Every structure is written in structure tokens, then in C-alpha cells.
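Enquirer: For the protein sequence lines, the chains are W and D, in the order given. Our numbering applies: residue 1432 is where the first sequence begins, and numbers increase by one. Our numbering applies: residue 18 is where the second sequence begins, and numbers increase by one. Even glycine gets a Cβ: it sits at the ideal position worked out from N, Cα and C. These figures come from a predicted structure and were not determined experimentally.
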Amino acid sequence: GKKQYDREFLLDFQFMPACI
Amino acid sequence: PPGHSPHSLTPSRWALWFFKNDRSRAWQDNLHLVTKVDTVEDFWAMYGHIQLASKLSSGCDYALFKDGIEPMWEDSKNKRGGRWLISLAKQQRHSELDRLWLETLLCLIGESFAEHSREVCGAVLNVRTKGDKIAVWTREAENQAGVLHIGRIYKERLGLSTKTIIGYQAHADTATKSNSLAKNKFVV
């Protein structure tokens, strides 16, 4: 399916540490 | 906070390309595929590992395109299309370029143009001494409704004032004229 992400949602991930 | 499972960029996987001008080599030999991303998490990992746009040398380009479309007019998915072009003044490299390029990337990976997002092929950043440029490339220059929708949303997302006019040029027109002379097919 098609996913639309708003900019605030995307920006929330910017400085999250990569977690495995 | 966002959850822990990766957030897919469905339906698109995106490829980042880097162009470094070396006049001793053919244009295509200077174009390098850096990486492909298909999750929000991968996108930020990539973004954190590459130079900011404002730190690139003049003559360099970044391009983020849907997987399977090469960042050149000749690609079959681009050749009937065109671009919304943002031309920046020299001094905007330090004040605006990074913000505008990131916003452009977020518009792409967020599929911000609703059903018209499928018309988007990618985006190109040109870092140039005479003034940097950012463009969103779309697939079909004759798709007036799609092109205008994308242009209006894009202009709003960049935070450009209503007095600022941005133009859309068909690649077929740009290819036969110098950039400054290619006529605008649409403006918003």
C-alpha cells in the first residue's frame, strides 16, 4: 500500500539512535 | 515516540546519486550511485553520513530518484517530463540551501503530493558558483493537473512567499536551450 508521511513524523526519526 | 520496527517508504525505494565534475571524464562517468534506501530509518542513516549540500564543492550534484530511474533526461521515465526549478542566489548557500534541500527530500520520501506523487521521478541539487539550484523532476510535462498540484504543494512546503514565482520547464525545452532561456511551461 501507499504510505504518506508528514514532515514532523519524518523529522522525529532524525536523531534517533539506530537500534537493532 | 516512533516505534522500533522500520518504517517502509512504500511504494518507492529511493536511490541517492552523487555527481562530481571531472572534465577529463565523460559526464556519465562522473555520476555515482551512492546508496538506496527504503525505510525512514535508512534515509536518516544516509543523510547523517553524507556532506551537507552547502559543504559540497561547486560543480557537484546530489540526486535522489526512485529506484529504476536514472537522474538524466535520457531515461525513458524522464524524457517526456520536466522540472520545478528553484534558483538560489549565491548568498542563500549559507542561509537556505540545506533547509530547502532537506525539505525537498522529505517531500519526496513522505510522498507529499498525494496521488500525484507517482508523477515524481526525483530531485536534483546543483551546487554552482553562479548560484545553486534545486529541482523536482516529474514524469509527464503534459500532465497539467499533476504538475500544478506538485508545484503548489512544493512551493508551500519550501515556505516561499506568494510573491515568489517558481517555474516548470519541460526537459525537451531545457535540452535545446541554455537553462536561463528555457521557457516556463507552468508557474506557481
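Run through chain W and tell me which residues come within less than 9 Å of Trp31/D, C-beta to C-beta.
Expert: Under the 9 Å cutoff, chain W gives no residues; its nearest Cβ is about 13 Å from Trp31/D.
Enquirer: Could you name the residues of chain W that Leu175/D contacts, counting a contact when the two beta carbons are closer than 8 Å?
Expert: Per Cβ cutoff of 8 Å: no residues; Leu175/D is ~11 Å from chain W at best.
Enquirer: Apart from the five residues on each side of it in sequence, which residues of its chain come closer than 7 Å, Cβ to Cβ, to Ile1451/W?
Expert: With a pLDDT of 48 at Ile1451/W, under the threshold of 50, the modelled position of that residue is not reliable, and no figure is offered here.
Enquirer: Identify every run of the alpha helix (DSSP H) within the stretch 86-119 of chain D, keeping only runs that are complete inside it and at least 4 residues long; order them along the chain.
Expert: Those alpha helix (DSSP H) runs which fall completely within the stretch 86-119 of chain D and span 4+ residues are 109-112.
Enquirer: In angstroms with no decimal places, state the Cα-to-Cα distance between Arg1438/W and Arg42/D.
Expert: Cα to Cα, the separation comes out at about 39 Å.
Enquirer: Beta-carbon of Ile67/D versus every beta-carbon of chain W: anything under 8 Å?
Expert: No, no contact with chain W.
Enquirer: DSSP has Phe35/D in a bridge; who is on the other side?
Expert: Answer is His49/D, Tyr79/D.
Enquirer: Checking contacts by CB at 8 Å: is Leu123/D closer than that to chain W?
Expert: Yes - at least one Cβ of chain W is within 8 Å of the one on Leu123/D.
Enquirer: Just verifying my parser: in three-state terms, what is the DSSP assignment at Thr179/D?
Expert: In this structure, Thr179/D counts as coil in the three-state DSSP scheme.
Enquirer: Kindly indicate the opening and closing residues of the alpha helix (DSSP H) around Thr193/D.
Expert: First-last of the alpha helix (DSSP H) with Thr193/D: 188-193.
Enquirer: Using the Cα positions of Arg156/D and Ile167/D, report the straight-line distance between them to the nearest angstrom.
Expert: Each residue's alpha carbon lies about 12 Å from the other.
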